[in-house]
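Residue numbers (the numbering used here), protein chains in the order written: chain A, 4 to 505; chain B, -3 to 377; chain C, -2 to 329. We treat Cβ as the ideally placed atom computed from N, Cα and C, and that holds for glycine. Okay, so here's the structure we're looking at.
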């Protein structure tokens, strides 16, 4: 089935997630959609598959304009989406999973469904156990199940969103064979990914999105360089690099490994010295946040050691890390970082060391006023945090980090901030470095990584490349690594091992 | 600087909206009260009684005489304690439905203490004090049990508390009809009444004990100070509103949850002890008479603001006592007070939901628009 | 006590537990869709009173039962609206309603206390009633007890064997996935909560017009049964058949406590009847055991062969609760 989107626009507040995208995908194509975080890929796919509605623009299927109001509506038109985390039902059995949402009478025809899907599976070279509980399947198997379900319901367009995260190499190969088979049958596959080598291997066309717009299309053979340039091109704004003289080793990671759900990494060695800033690059879900959590005690290490300030803190809970001077600032501001319903003053009071019994409101207000001025937060001491804008919430979060914290672990510290705020906040953070602190931070902004880090680690599917010297690398190089192509031109080894778990 | 003047105008505009917002809120809450009275009046009409007469009778029954007013104060005491207690657990984000059982266990343990010490030569004042302490401990332990079930067993405190309520009642019945039964046969009238010297001293010929009243009012003040003026209260609220963020900011979350249970249980247990030493002077099967649940209702009605506990609890106590005469004077059942109380809380809840859903959306849209024009930079919403 | 008396007693258990069975199945439906209806206790009282009054006034048993169902549906509709549309806590709204309805029942029912109303009569099924043992047990009851038997079977069939039942389970388990499959989550929750409420509302007249005939106000012995229904739903692991068995077990305990009364000097029956609650707490423990962090840590620390055994035992004991129970659904 031919898919065409014409001038799709979608905004969330002032952010234009899709800014007039027009794209045409012929039937039988495996269309790759590339782009970094926030480029607009997910939004476009959600619109196409019915999870969101566009503000304006039209979708054409086989040349006819269609309205897609909901996911169920979409599948009726033949468009099915396979999410990174399949929307299935873990405690139910496979056969029941298939039947939910399928049309039919009051009695579900289990046997018919089972035979039909088994046949379908067979035709694609797959096999499924219909009696198994969905929760006991691996992620790859759940994906296969969902694919079969969509095909059984008559999908002729399949959208796959980063499908190869956390599946084994064998399952990936199976998936690719299946997709090629489907394309040969005339079905259209839309393959959203940030992994350049996979797009190279699988796709018959590629489109690159950046900042809500379609910036380029390509046909095989794909040139990695040009793709990377299209994905990551940035205006390199001039700015001074601030380097602090490195001091004693503050944090020492030896053969560190950690895992959380599908994400894992192993065997990481890193030494961070006082005054240093380490940037962590990579697509979301590649392991950077996991590393931050492992360094703060929120995630137990599955191997190796974490030594902070000379003390082995491996396996200790979060509060031990905190007490010794490790600060963790999460990216989800209102969900994990701030407490809705409480004011800025309340937050500053909460983080007081040794506060005593009664709240000293005067002191609290003074402290709040100080910090508000210091971090230029647009709000008053009595503002409730949920009423602050996102950027100001971020400043508040950073303002809450205790003065005594020596290691700051920051998850996307400047996400959503304008350039002035970014510069201002980094100047405050670098002050801390000058005083002997160290920073490890994640970011999707390659410019930020290059300008403020001393060294950079790049995460790709559980493998860590680096540390790279920030002064010696470039946006292009980073982009290439994030996309999975090593500096030698060969793909970065994706992590082996099939995890059987929920 | 331009930033400062932007800040000024931004601060000014929302402030105006804020005070209009406060008026709207007030209006809505009054509307809830009016609706509740309307519904109750309709119910009265269905029952064939003139609503106005019923309300007047309740008022007369509550404040008509010294005796009845002192009874209102007697009923006020356990309500104050229960409502103050549940505000602590509400602050921590917990639904302490088990507060009824905590009152009962307080009563049981204080009865036990009285029985233990009544033959000794200790001064009565000391014995009564010991009984109060025992009550606090009893309620606290029973609450801690619900808390432990929740923290370590993952048992929702609603069902844990519910189950423990029933177990507490069963325990009481077993004691009254078993080991603690009155000589002869055990009966629903409870255990053997304690001798007069072990009664909490009362005022004049009335049933009101100033000690009990004093303790209850003290408890409300303490809870208010605790919640509004101490770091303990602030941390509790942090845990209640966003446990994850509170944890990351350094608050030991499950410990605070358990502490909230302990405090509430202690206050509830005190209420039970007072019922035994001051009101009934023995253990009876329905020693808590629903005061725990009523305390939860008061907490919900005042939207969890501690400053309103005392007056609303007094109002509820007045409703309860005021309706006692209804069967005699108007041939209406005294549960009218419960109907009115339920209607009040129900409408406050529904109106609050209405406000959050429909009014707030309009206001956020308006404020959002003003902020976009004021803000000089484009930031992620 | 001889065999015949025991048989009659057991048949009586089936009949007296029938209202609990109906209410439990109703609440199971609501909770399967993800809504906890805490107003059950008050609803049973209100519908018992209301149906009795209607039956006495009109002389019609049918209208009485209809009134009961309508009352139950109305109350649960308020719970649904308060929690689904107005996004208030299900616990808060249900809790207020349970107290409100109870007091309303006592208040409006006051003039009717002690009156005599129509009583559902026993209708033995000809032929089947003469089968030895089974006949006495199952086929000599009133029509609502037969209804309770049929209801359990139909409920089980609906939930586990039909397509709409599959969707019900889907909505309760993972509303966002159900939405992706075309479910209208809020509507589904409204429907099943109201249906559940109607069934709970039927339990009321099954008392006041049958098993505990009449309206006796505060000494009707009905207060507290609603909480027991909630406990049994959990103990029944949200499965109508298991829940029915739990209800029968409860009825059995009630009967035993009466029967054994002479031998248990002076201890009232209430003590034995508390049993559903420790069972409920135990079930809830089993819902979460294995998920608790500290259990995971202890498990990880065990040596390998015993760890696998313990893990398997924990998994087999695990009770799965509808994961979206009590959680409002936000469409993205």
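Neighbourhood of residue i by C-beta distance below 8 angstroms, restricted to the same chain and skipping five residues each side
i, result
"residue 215 of chain C", "103"
"residue 189 of chain A", "4, 30, 31, 159"
Beta-carbon separation (whole angstroms), residue i vs residue j, contact threshold 8 angstroms
i, j, result
"residue 64 of chain A", "residue 202 of chain A", "With a Cβ gap of about 24 angstroms, residue 64 of chain A and residue 202 of chain A do not count as contacting."
"residue 137 of chain A", "residue 98 of chain A", "Not confirmed; about 10 angstroms, so no contact."
"residue 189 of chain B", "residue 277 of chain B", "5 angstroms"
"residue 425 of chain A", "residue 451 of chain A", "7 angstroms"
"residue 187 of chain A", "residue 83 of chain A", "The Cβ separation is near 18 angstroms, so there is no contact."
"residue 253 of chain A", "residue 275 of chain A", "6 angstroms"
"residue 310 of chain A", "residue 386 of chain A", "Actually they do not touch by this definition, with Cβ atoms about 40 angstroms apart."
"residue 97 of chain C", "residue 338 of chain B", "3 angstroms"
Residues that residue i bridges to, as DSSP identifies them
i, result
"residue 12 of chain A", "A/22, A/59"
"residue 442 of chain A", "A/280, A/411"
"residue 256 of chain A", "A/273, A/309"
"residue 330 of chain A", "A/411"
"residue 27 of chain A", "A/7"
"residue 79 of chain A", "None, per the DSSP bridge assignment."
"residue 219 of chain A", "A/211"
"residue 263 of chain A", "A/266"
"residue 138 of chain C", "C/120"
"residue 35 of chain A", "A/194, A/209"
"residue 3 of chain C", "DSSP output for residue 3 of chain C lists no bridge partner at all."
"residue 164 of chain A", "A/195"
Where residue i meets chain B, residues with beta-carbon distance less than 7 angstroms
i, result
"residue 333 of chain A", "244"
"residue 100 of chain C", "331, 334, 335, 338"
"residue 507 of chain A", "It is not possible to answer for residue 507 of chain A, since the shown part of chain A is limited to 4 through 505."
Chain-ordered neighbours of residue i on chain A, where CB pairs are closer than 7 angstroms
i, result
"residue 167 of chain C", "92, 103"
"residue 171 of chain C", "92"
Contact set between residue i and chain A, taken where Cβ atoms lie within less than 8 angstroms
i, result
"residue 147 of chain C", "By Cβ distance, chain A contributes nothing, its closest Cβ being about 18 angstroms from residue 147 of chain C, past 8 angstroms."
"residue 226 of chain B", "360, 361, 362"
Proximal chain B residues relative to residue i, where beta-carbon distance stays under 8 angstroms
i, result
"residue 79 of chain C", "345, 346, 349"
"residue 271 of chain C", "162, 163, 165, 166"
"residue 285 of chain C", "149, 150, 151"
6 angstroms CB neighbourhood of residue i in its chain, flanking five on each side removed
i, result
"residue 20 of chain A", "13, 43, 46, 215"
"residue 241 of chain C", "18, 149"
"residue 333 of chain B", "315, 316, 319"
"residue 331 of chain C", "Within the shown structure, residues of chain C are numbered from -2 to 329, placing residue 331 of chain C beyond reach of any answer."
"residue 504 of chain A", "Caution is warranted here: a pLDDT of 20 is assigned to residue 504 of chain A, below 50, making its placement in the model unreliable, and the coordinate value is therefore given only provisionally. Correct list: empty, nothing qualifies."
Cβ shell of residue i (< 7 angstroms), same chain only, five flanking positions each side left out
i, result
"residue 295 of chain A", "331, 412, 414, 443, 445"
"residue 374 of chain B", "With a pLDDT of 31 at residue 374 of chain B, under the threshold of 50, the modelled position of this residue cannot be trusted; read the value that follows with caution. The answer is none, since no qualifying residue turns up."
"residue 111 of chain A", "102"
"residue 180 of chain C", "164, 167, 168"
"residue 297 of chain B", "308, 340, 341, 344"
Chain C residues whose Cβ lies nearer than 8 angstroms to that of residue i
i, result
"residue 39 of chain B", "101, 104, 105"
"residue 81 of chain A", "Near residue 81 of chain A there are no residues of chain C at all, since even the closest Cβ is about 15 angstroms away, more than 8 angstroms."
"residue 110 of chain A", "158, 159, 160"
Near-chain C residues of the stretch 83 to 98 of chain A - C-beta to any C-beta below 9 angstroms: 84, 86, 89, 90, 91, 92, 93, 94, 95
Positions along the stretch 135 to 151 of chain A whose CB lies within less than 8 angstroms of some CB in chain C: none
Interface positions of the stretch 61 to 77 of chain A facing chain C (Cβ-Cβ less than 9 angstroms), listed along the chain: 73, 74, 75, 76
Residues of the stretch 141 to 154 of chain B with Cβ closer than 9 angstroms to any Cβ of chain A, in chain order: none
Near-chain C residues of the stretch 83 to 97 of chain B (beta-carbon distance less than 9 angstroms), N- to C-terminal order: 91, 93
Where the stretch 29 to 55 of chain C meets chain A: residues whose CB sits under 9 angstroms from a CB there: none
Positions along the stretch 430 to 450 of chain A whose CB lies within less than 7 angstroms of some CB in chain B: none
Short-range partners of chain C found in the stretch 244 to 274 of chain B, where Cβ spacing is below 9 angstroms: none
Interface positions of the stretch 205 to 231 of chain B facing chain A (Cβ-Cβ less than 7 angstroms), listed along the chain: 225, 226, 227, 230, 231
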